[in-house]
Amino acid sequence: MMDLVIKLDGVRKKYRFFSLDNICLELPPGQIMGLIGPNGAGKSTTIRILMGLVHQDGGDVRVLGHRMPQEQVSAKWDIGFASDDMRLYEAMTLEWHMNLIRSIYPKWDAAYAQLLLKRFGLRAEQRIKEFSHGQRVKATLLLVFARRPRLLILDEPTTGLDPVARHEILRELTGVMADEGRSILFSSHNTQDVEQISDQITFIDRGRIIDSMDKEVYLDRWRRLRLEVPAGIELPALPGIIHVRQQGRLAIATSNVFAPDLANAYENTGARVQSIETMTLEEIFVANVEHSREEVDA
Amino acid sequence: MKGSVVQTLILSDWNRHRFFIMLSIFGGVLALGLVAWGGELPTILGSTWFFVSLIVLGCMMPVSNVINERKKQTLPFLMSLPISVAQYTLAKIVSTFGMFLVPWLSLVVAGGLLIVGRQNIPDGIITVLLILAGFTLVGFCVVAGVAIATESESWTIVATIALNSSYGFGWYVLIRNRELRTGFGNADPVWSPTVLTILLSEAAIVAVVLALTFFVQSRKRDFI
Amino acid sequence: MDGFVISQTDKRPIYLQIMEQIKRRVAVGDWAEGQSIPSIRQLAVDLSVSVITVKRAYLELEREGVIVTQQGKGSRVAPNPGLGMRLQEQELKKHLEQAIRLSAVLGLQPEELEGRLREASENIAAKESS
């Protein structure tokens, strides 16, 4: 696809105690991608490579068609970036920052900025150092939203926010998608948020991409089967079952490529399938990380 | 388009430091006022204070304008703007130097005017003014260069301390030179080869430091 | 979007919750046959959910004959009398299957389940008449 908004191909980066390996990632226009993974998995590093702030050791990085990091200046005209370790100038007011951004970016939407001030409950004439943590995060995001960039790259935009603030941010993020030409890539620990608003999900752990696909397709592949195992029957190891926990006559089997045949296969061995349950992204997260680490360590 | 982002950043740095700059100029002028007042003690205090203002400005400016961007974590914010690392460095060098040179120049000119204007101060002192002000300029350049190239607060402090300790030594070496000493006390400024050599060396060091800074900065791969 | 609630505690996938709430409105008649319903993108924005989730909900609803989507013209409630009854029928079937599964866990025989059903029916009748 020629007009992919983000394309990472075989990207690698080595640090002393950590390395990113063979990162491949694609984001088509008009979609939101949620990047999830444990702490230290490589989310922030990947995002920094996307912004051209870190040079990759190898591999191809294209953002909005621009090669990174060489063409980062051109790319950054259309990218809105915010990370949770980013700060504004404490001694200056929010209004000062708004003016700074406005003087650089022609697409600044002043009316939308005013609306956001109201929605986020922020006072432009206040100094950044007087803001609470949540207000500061919202102020930083306001500066990104009001520019209406084609691509938003956000590193943990809702981390540390109270439920009301999180709701406000999610509302604006999904609001961006009313415009089909705009896209978002964000990383988060909050699997609920990611599950709710992402079109695509990318799972990263220990510097490797474990999964990257359509969210609904992904959620549909995972099932938890509750089984009743009569005495004398031993549960077979079935392909597609990545984990089984058995206590006495009850067992729980987890599958990451579920198809109805799996349930039949169990029934055929004499076990009874009590229920087949969908899993939340949080449950998938834990199961997936444990499973992928077992595979690598083996 | 790109040039104007660099301009915007330079202006932003000036904007944020305007109070600090005015304070330095004010402090220097007050010091000159003391010298103008006359008398041995005020003159010594005033002239010391004058150079201390320049030294402090020279140390604080790189820390506040360069080191703090990384320390206060505003660097990702700046690098999210449409600029490259080279453009960022350019903006920083221009603003940092500008914010030092403007007060420095103003105070040196003010000092010069005071010397020339006052009968009881020998004009020969102008060479002292220029040489010592040159010290503070060189000191500033080195600290600024270290700050920009290393982005390390520790190294910048090391440079600051090293330079501050050397000023006294430099002055001592100068004062031991009889030719210079007599020149200083002369009614008219004496532009001897020694004086010119010293001034030219100072200028050369400044140029070298600038070039080195740019060079080191261009080699960096992981800016953040 | 008034009335639509995506519940965090409801562990069912979001697209199912959306489908159910749309079906309810249709069953009750709040959303009339042939009535225009929000576009996929619009509903996604209103609910703060991903476009792909709403898209899936709409696809499934179309497959079940609840809504109809025309390219370029958006979506509307399908013209289908008796739809209301069919939806309720589906609900009842689901509840019965659930009851059967639960009784299996409890180890009840079908006759015992029947007995429980009669008991519950009598209780409700008693409550309603008092």
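Protein sequences, first through last, are from chains A, B and C. For what it's worth, the working numbering labels the leading residue of the first sequence as 1, then goes sequentially. For what it's worth, the working numbering labels the leading residue of the second sequence as 299, then goes sequentially. For what it's worth, the working numbering labels the leading residue of the third sequence as 523, then goes sequentially. Note that beta-carbon positions come from the ideal geometry of N, C-alpha and C, so glycine has one too.
According to DSSP, what are the bridge partners of D21 of chain A? Paired residue(s): none; D21 of chain A is not in a bridge.
Span of the alpha helix (DSSP H) holding I536 of chain C? I536 to V550
Under a CB-based cut-off of 8 Å, is I6 of chain A close to chain C? no
Per-residue DSSP class, three states only, for M358 of chain B: helix
M51 of chain A versus chain B: which residues are under 8 Å apart at the beta carbon? M377 and S378
Pick helix, strand or coil for F203 of chain A, following the three-state DSSP scheme. strand
Pull up the CB-CB distance for I353 of chain B and T434 of chain B, whole angstroms please, since I reckon it's below 8 Å. 5 Å
Mind pulling the chain F residues with CB within less than 8 Å of Y537 of chain C? Note that chain F does not occur in the displayed structure, where the protein chains are A, B and C.
Does DSSP put E125 of chain A in a helix, a strand or coil? coil
Close Cβ partners of I242 of chain A (< 8 Å) along its chain, the five nearest in sequence each way excluded: T254, S255, N256, A287 and H291
Pick from C:S572, C:S561 and C:R585: whose alpha carbon is nearest that of D214 of chain A? C:S572
In terms of alpha-carbon separation, which member of A:I128, A:Y266 and A:L281 lies closest to R221 of chain A? A:L281
Looking at chain C, is there any beta carbon in it that lies within less than 8 Å of the beta carbon of L20 of chain A? no
Could you check which residue in A:A251, A:A41, A:G42 and A:A91 has the C-alpha nearest to that of L225 of chain A? A:A251
Could you spell out where the beta strand (DSSP E) holding A82 of chain A opens and where it closes? I79 to S83
With three or more beta-carbon pairs closer than 8 Å as the criterion, would you say the stretch 68–77 of chain A touches the stretch 15–28 of chain A? no
Can you tell me whether S570 of chain C is helix, strand or coil according to DSSP? coil
Taking C-beta pairs closer than 8 Å, name the residues in chain B that Y266 of chain A reaches, listed in chain order. Near Y266 of chain A there are no residues of chain B at all, since even the closest Cβ is about 51 Å away, more than 8 Å.
Paired residues, beta bridge with L151 of chain A - DSSP: A:I79 and A:S183
Just to confirm my understanding: we take P299 of chain A, look at its own chain, exclude 5 residues before and 5 after, and list those with CB closer than 8 Å. What are they? With chain A covering 1 to 298 only, the question about residue 299 of chain A has no answer from this structure.
Of all the CB atoms in chain C, is at least one closer than 8 Å to the CB of Q114 of chain A? no
Would you mind telling me which residues of chain B sit closer than 7 Å to M177 of chain A, beta carbon to beta carbon, in chain order? Near M177 of chain A there are no residues of chain B at all, since even the closest Cβ is about 21 Å away, more than 7 Å.
Residues near W343 of chain B in its chain [Cβ-Cβ closer than 7 Å; skip 5 each side]: Correcting the residue identity first, residue 343 of chain B is Leu in this sequence and not Trp. Answer for L343 of chain B: L332, listed in chain order.
Express the C-alpha separation of D162 of chain A and T346 of chain B in angstroms, rounding to a whole number. 54 Å
Does the distance from the C-beta atom of L122 of chain A to that of L94 of chain A stay below 8 Å? yes
Take M177 of chain A as the anchor and find which of C:L628, C:L565 and C:Q620 has the nearest alpha-carbon. C:L565
Ordered along the chain, which non-local residues of its own chain (more than five positions away) have a Cβ less than 8 Å from that of R640 of chain C? none
Going along chain B in order, which residues have a C-beta closer than 8 Å to the C-beta of D85 of chain A? Q371 and P374
At a CB-CB cut-off below 7 Å, which residues of chain B make contact with S103 of chain A? T306
With which residues is E228 of chain A paired in a DSSP beta bridge? A:L250 and A:R272
Could you list which residues in chain C have their beta carbon closer than 7 Å to that of S275 of chain A, in chain order? R623
Contacting residues, own chain, Cβ-Cβ under 6 Å from M51 of chain A (five flanking each side not counted): F81
Contacting positions in the stretch 375–404 of chain B - beta carbon closer than 8 Å to chain A: F375, M377, S378, L379, P380, I381, S382 and Q385
Using a Cβ-Cβ cutoff of 9 Å, what residues of the stretch 459–478 of chain B are near chain A? List them in chain order. none
What would DSSP say about I319 of chain B, mapped onto helix, strand or coil? helix
Assign I128 of chain A to one of two classes, buried (16 or more other C-beta atoms within 10 Å of its C-beta) or exposed (fewer than that). buried
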